[in-house]
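Undergrad:
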Amino acid sequence: GDDNDIVVYYGGNDALLHAVRGGQVANGGEEVWAFVAPDFFGKLKRLSENTPKISTTEPRPYFFDGMMTAWYRDVNNDGVLSAGDGDKVYLFASARRGGRLLYAFDVSDPDAPRVMWRRGCPNATGSSGCDTGYGELGQTWSQPQAAKVRYTASPVIFMGAGYDPAANDALPQAAAT
Numbered sequence: 001g002d003d004n005d006i007v008v009y010y011g012g013n014d015a016l017l018h019a020v021r022g023g024q025v026a027n028g029g030e031e032v033w034a035f036v037a038p039d040f041f042g043k044l045k046r047l048s049e050n051t052p053k054i055s056t057t058e059p060r061p062y063f064f065d066g067m068m069t070a071w072y073r074d075v076n077n078d079g080v081l082s083a084g085d086g087d088k089v090y091l092f093a094s095a096r097r098g099g100r101l102l103y104a105f106d107v108s109d110p111d112a113p114r115v116m117w118r119r120g121c122p123n124a125t126g127s128s129g130c131d132t133g134y135g136e137l138g139q140t141w142s143q144p145q146a147a148k149v150r151y152t153a154s155p156v157i158f159m160g161a162g163y164d165p166a167a168n169d170a171l172p173q174a175a176a177t
């Protein structure tokens, strides 16, 4: 009905992570904001110019096509998530084939999102340039699971290490991978 507090988040292979206002009142369905990760800047020209053409030697570019998870903390337990009450809503977005990375956003105020952090690796394979502790991260195919643990105020993210084409597609598989 008149509940317009819903925001839908989704990634697309247009390079954007989208936030769209839900609900059925006047501005329902309008995009609130979109985010392009700096990791994807190098792929935008090809997306715009559609060259080189997609082929077996020039595969299509991927972006935020992975799973997302939302974590929230309702400080006063009133069932309403409101940044004014100190409530928190965090969104964790992965890239799957778009890359070996995970982004965290504070979307407590969906009209004023904030990138909290980015973790992962800049290259399709190898550990060169990876954030500390993320050198073995593959494509992030599993859904990140956010959980609260006793020793920290922020949620902790659990997820699989991912899919590594260099290790998983190679025939014969190298003993070291």
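Quick note on my numbering: the sequence shown kicks off at 1 and runs consecutively. Where is the CB? At the ideal position from N, CA and C, for every residue including glycine.
1) At a cut of 8 Å, does the stretch 124 to 136 reach the stretch 144 to 154 through at least three beta carbon pairs?
2) What first and last residue would you give for the beta strand (DSSP E) that runs through Arg119?
3) Report buried or exposed for Val7, applying the criterion of at least 16 other Cβ atoms within 10 angstroms of its Cβ.
4) Out of Gln145, Val115 and Leu102, which one is the CA nearest neighbour of Gly138?
5) Flag this pair as yes or no: are the beta carbons of Arg100 and Gly160 separated by less than 8 Å?
6) Whole angstroms are fine: how far does the CA of Phe35 sit from the CA of Ser108?
7) Just to confirm my understanding: we take Pro165, look at its own chain, exclude 5 residues before and 5 after, and list those with CB closer than 7 Å. What are they?
8) Closest to Ala70 by C-alpha separation, out of Val149, Pro144 and Ala167, would be which residue?
9) Between which two residues does the beta strand (DSSP E) carrying Ala166 extend?
TA: Taking the geometry as given:
1) no
2) Position 119 of the sequence shown, counting from 1, holds the residue named residue 119. From DSSP, the beta strand (DSSP E) with Arg119 extends over Arg114 to Gly120.
3) Stepping through the sequence shown from its first residue, residue 7 is reached at position 7. With 16 or more other Cβ atoms within 10 Å, it is buried.
4) In the sequence shown, counting from the first residue as 1, residue 138 sits at position 138. The candidate whose alpha carbon is nearest that of Gly138 is Leu102.
5) By 1-based counting over the sequence shown, the position of residue 100 is 100. By 1-based counting over the sequence shown, the position of residue 160 is 160. Cβ distance not < 8 Å, so Arg100 and Gly160 don't count as in contact.
6) The sequence position of residue 108 within the sequence shown is 108, counting from 1. The sequence position of residue 35 within the sequence shown is 35, counting from 1. Computed Cα separation, rounded: 16 Å.
7) By 1-based counting over the sequence shown, the position of residue 165 is 165. Answer for Pro165: no residue qualifies.
8) For the purposes of this step, residue 70 is taken as the residue at position 70 of the sequence shown. If we check each option's Cα against that of Ala70, Pro144 comes out closest.
9) Here residue 166 corresponds to residue number 166 of the sequence shown, with the count starting at 1. Where Ala166 is concerned, there is no enclosing beta strand (DSSP E), although the alpha helix (DSSP H) it sits in stretches over Pro165 to Asn168.
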